[in-house]
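For the working numbering, count along the sequence shown from 1 and bump the result up by 355.
The structure appears below as structure tokens.
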Amino acid sequence: MSRLDLDFIRGQFPAFSEPSLEGFAHFENAGGSYACRQTIEWLDRYYRQTKVQPYYDFPASRSAGEQMDAAKERMAAWLNVGSDELHFGPSTSQNSYVMAQALRQELQPGDEVVVTNQDHEANVGAWSRLEDAGIVVREWRVDPDTAELHAIDLEALLSERTRAVAFTHCSNIVASINPVRELTDLIHEAGAWAIVDGVSFCPHGMPDIPATGADIYFFSLYKVYGPHLGAMVLSRKLNAELPYQGHFFNAGKPSARFTPAGPDHAQIATVNGVMDYMEAVAEAHGAAGKTAQDRAAAVRSLFRDHESALLQPLLDFMSQHPRIRMIGKDRAPLRAPTVAFTADGWRSAELASRLAEHKLGVGVGHFYAYRLVEALGYDTDDGVVRASFVHYTHPDEVSRLIEALDTLL
Ligand SMILES: Cc1ncc(COP(=O)(O)O)c(C=O)c1O
Numbered sequence: 356m357s358r359l360d361l362d363f364i365r366g367q368f369p370a371f372s373e374p375s376l377e378g379f380a381h382f383e384n385a386g387g388s389y390a391c392r393q394t395i396e397w398l399d400r401y402y403r404q405t406k407v408q409p410y411y412d413f414p415a416s417r418s419a420g421e422q423m424d425a426a427k428e429r430m431a432a433w434l435n436v437g438s439d440e441l442h443f444g445p446s447t448s449q450n451s452y453v454m455a456q457a458l459r460q461e462l463q464p465g466d467e468v469v470v471t472n473q474d475h476e477a478n479v480g481a482w483s484r485l486e487d488a489g490i491v492v493r494e495w496r497v498d499p500d501t502a503e504l505h506a507i508d509l510e511a512l513l514s515e516r517t518r519a520v521a522f523t524h525c526s527n528i529v530a531s532i533n534p535v536r537e538l539t540d541l542i543h544e545a546g547a548w549a550i551v552d553g554v555s556f557c558p559h560g561m562p563d564i565p566a567t568g569a570d571i572y573f574f575s576l577y578k579v580y581g582p583h584l585g586a587m588v589l590s591r592k593l594n595a596e597l598p599y600q601g602h603f604f605n606a607g608k609p610s611a612r613f614t615p616a617g618p619d620h621a622q623i624a625t626v627n628g629v630m631d632y633m634e635a636v637a638e639a640h641g642a643a644g645k646t647a648q649d650r651a652a653a654v655r656s657l658f659r660d661h662e663s664a665l666l667q668p669l670l671d672f673m674s675q676h677p678r679i680r681m682i683g684k685d686r687a688p689l690r691a692p693t694v695a696f697t698a699d700g701w702r703s704a705e706l707a708s709r710l711a712e713h714k715l716g717v718g719v720g721h722f723y724a725y726r727l728v729e730a731l732g733y734d735t736d737d738g739v740v741r742a743s744f745v746h747y748t749h750p751d752e753v754s755r756l757i758e759a760l761d762t763l764l
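Right, dumping it as structure tokens:
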């Protein structure tokens, strides 16, 4: 497999030729990525040509429905699941909220669910509120020194009453890639469902979902070069077992049971743009003609190799700098290129503003991982600085970030 052709990649993103963004380096990708041109083109075309109610028998309507079906089928194939297992909702937070309502009806008082304090609140709050229904909520806590979750601590929390465990594939602050399969196996051995937040993992290559072992796997397409939409893979077994949350007359339709609102048709159709982009990357790197799983695996490793090569110098700089307190591991292959940190003597907001003067766009705050930032002893009002990048990031942009930090600190 060849190396990532960065000129080709950046050529797929209009942001890199947008005059108003010239010279700006985007380091808040964990918040939201740039959209690839294919996403923008699908959305534009849908609104121009087929912005009608889909699935009726007139041409624009037929086409709209066909685009939506194709989007689901193509993304499902890439994720190695059936199209009936993939659901699109407004966001991950809304998807987890709906699934929590289903669990509320299904579980009995005294049943237990486990949440972590490493997760974004989207994968904590919805489940924690089940406490109102008499469900016992246990917290699997990070090691406060390393910010890592340890499987042994989860084992101690599992009991015969545990019905579900919600954890993150990759935290939006710590960025370690959690051993998802080891954890889902442990959870299944305890007879519970594994609910996995893949929002921070997927921008770096969408996974083979069955290989993760997740019963529910969430991610958000606006961080994966696409439209503002939440994606949720739900196992067929769970879909059949949990009470439906949609309209009563749709109770027998797996695709409508857990997405109660009328979906955003245009954005669903636009998922084709994300898939066109993934296919174009595969094709440009010699993976055309392979199976969907091989193409997906090829794109994953192209992204990861490029990101790891750029990440290691940043981790080396941060971990060795006397004034920087970096969160997470210092070896690139073990984590995503999302690096959160604070600097001695600096308010995080002030440092982020100073970096912005260098045309470096970083994020600052608790990033809705409030419980984590609190558990690590940071001021939740000021939070941490976060520099996050993806496969389209140029090595020069990372060098500029390192130089600016060196100058400022
Ligand atoms: C790790 C993680 N999980 C969940 C979410 C929530 O996703 P959404 O904005 O689609 O609700 C985010 C959003 O930033 C996130 O970073």
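By construction, the Cβ of each residue, glycine as well, lies at the ideal position given by its N, Cα and C atoms.
Under 7 Å, do residue i and residue j count as touching if we go by C-beta distance?
i: ARG536; j: GLY585; result: no
i: GLY387; j: GLY718; result: no
i: LEU731; j: ALA502; result: yes
i: VAL629; j: TYR599; result: no
i: TYR575; j: THR447; result: The sequence given here has Ser at residue 575, not Tyr. Cβ atoms of SER575 and THR447: closer than 7 Å.
i: ALA432; j: LEU441; result: no
i: ARG493; j: ASN472; result: no
i: ILE682; j: VAL529; result: yes
i: SER708; j: GLY738; result: no
i: ASP540; j: ASP474; result: no
i: ASN478; j: PHE744; result: no
i: ALA425; j: ASN627; result: yes
i: LEU670; j: LEU359; result: no
i: ALA488; j: LEU597; result: no
i: LEU485; j: ARG516; result: no
i: ARG690; j: SER526; result: no
i: ALA759; j: HIS713; result: yes
i: GLU476; j: TYR723; result: yes
i: ASN533; j: HIS524; result: yes
i: ALA380; j: LEU710; result: no
Can you give me the Cβ contacts of residue i inside the same chain, cut-off strictly under 6 Å, excluding the 5 residues immediately before and after it?
i: TRP548; result: ALA519 and ASP570
i: ASP563; result: ASN435
i: PRO369; result: ARG392
i: ILE364; result: TYR747
i: LEU513; result: ALA545
i: TRP482; result: ALA455, VAL468, VAL470 and ALA521
i: ASN605; result: ALA611
i: LEU462; result: ILE490 and ARG518
i: VAL728; result: HIS721, THR735 and GLY738
i: VAL453; result: GLN600 and PHE613
Quick one: what does DSSP say residue i is sitting in, helix, strand or coil?
i: CYS391; result: coil
i: GLU705; result: helix
i: ASP360; result: coil
i: THR693; result: strand
i: GLU421; result: helix
i: PHE413; result: coil
i: HIS767; result: This structure leaves residue 767 out entirely; the chain is present only between 356 and 764.
i: ARG400; result: helix
i: PHE603; result: helix
i: ILE682; result: coil
i: GLU377; result: coil
i: ALA488; result: helix
i: ARG715; result: The identity of residue 715 in the sequence shown is Leu, whereas the question assumes Arg. The answer is strand: DSSP assigns LEU715 an E or B state.
i: GLY480; result: helix
i: VAL753; result: helix
i: LEU670; result: helix
i: HIS442; result: strand
i: VAL626; result: helix
i: ARG493; result: strand
i: THR748; result: coil
i: ALA698; result: strand
i: THR762; result: helix
i: PHE368; result: coil
i: THR471; result: strand
i: PHE382; result: strand
i: LYS427; result: helix
i: HIS620; result: helix
i: ALA651; result: helix
Following a CB-centred definition, is residue i positioned closer than 6 Å to any heavy atom of ligand 2?
i: GLY378; result: What this structure holds is ligand 1, not ligand 2.
Using a Cβ-Cβ cutoff of less than 7 Å, which residues in the same chain neighbour residue i once the five nearest sequence positions on both sides are dropped?
i: ASN450; result: GLY444, PHE573, GLY585 and MET587
i: ALA742; result: PHE382, VAL694, VAL717 and LEU756
i: GLY720; result: GLY738
i: ASP498; result: HIS505
i: ALA647; result: ALA432 and TRP433
i: MET673; result: ILE679, MET681, VAL694 and PHE696
Grab me the residues of residue i's own chain with a C-beta within less than 8 Å of its C-beta, minus the 5 sequence neighbours each way, in chain order.
i: THR405; result: ALA415, SER416, SER418, ALA419, GLN422 and ALA624
i: GLY437; result: ALA431 and ARG591
Which whole runs of the beta strand (DSSP E) in the stretch 504 to 592 are 3 residues long or more, in chain order?
517 to 523, 548 to 552, 571 to 575 and 585 to 589
Determine, using beta-carbon pairs with one atom in the stretch 651 to 668 and one in the stretch 619 to 637, whether at least three such pairs fall under 8 Å.
yes
Inter-stretch contact at 8 Å, needing at least 3 Cβ pairs: the stretch 374 to 381 / the stretch 395 to 409:
no
Within the stretch 716 to 744, ranges of the alpha helix (DSSP H) (whole runs, at least 4 residues)
725 to 730
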